[in-house]
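Its first residue numbered 0, the sequence shown is counted upward by one per residue in numbering that gives the first Met the number 0. Every residue, glycine too, gets a C-beta built ideally from N, C-alpha and C. As the structure is a prediction and not an experimental result, all values here were calculated from the model.
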Amino acid sequence: MEHSGKTDISGHFNNGVEVRESEHVEAALKRFKREVANSGILTELKKREFYEKPSVLKKRAREAAIRKRERKKVVFGDT
Numbered sequence: 000m001e002h003s004g005k006t007d008i009s010g011h012f013n014n015g016v017e018v019r020e021s022e023h024v025e026a027a028l029k030r031f032k033r034e035v036a037n038s039g040i041l042t043e044l045k046k047r048e049f050y051e052k053p054s055v056l057k058k059r060a061r062e063a064a065i066r067k068r069e070r071k072k073v074v075f076g077d078t
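Here is the structure:
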């Protein structure tokens with residue numbers, strides 16, 4: 000039985016895999032690593048490693064939007 004990558008009520012991630020019968024531990028470890036990568040836990044941990052003020056978050060989002068708009072201009076032409 001595989002678990003989902005969702006958080007429970009306490010906010011902890013419920014990622015885990017059970018080793019199936021006649022399955023190597025390495026294969027189960029590979030499934031676990033893939034599940035962790037797909038659930039986005041590592042990116043969430045990196046994002047929450049240090050506190051960022053709301054103003055810094057807004058500034059980062061604004062700069063990302065500008066970069067995205069500039070990339071879109073280059074790809075699709077100046078519209």
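Rounded to whole angstroms, what's the CA-CA distance from Glu20 to Gly39? Just pull it up for me. 28 angstroms
Could you have a look at Val74 and say whether DSSP puts it in helix, strand or coil? helix
Beta-carbon spacing of Glu34, Val16 below 8 angstroms: yes
Under the three-state reduction of DSSP, which class applies to Ser38: helix, strand or coil? helix
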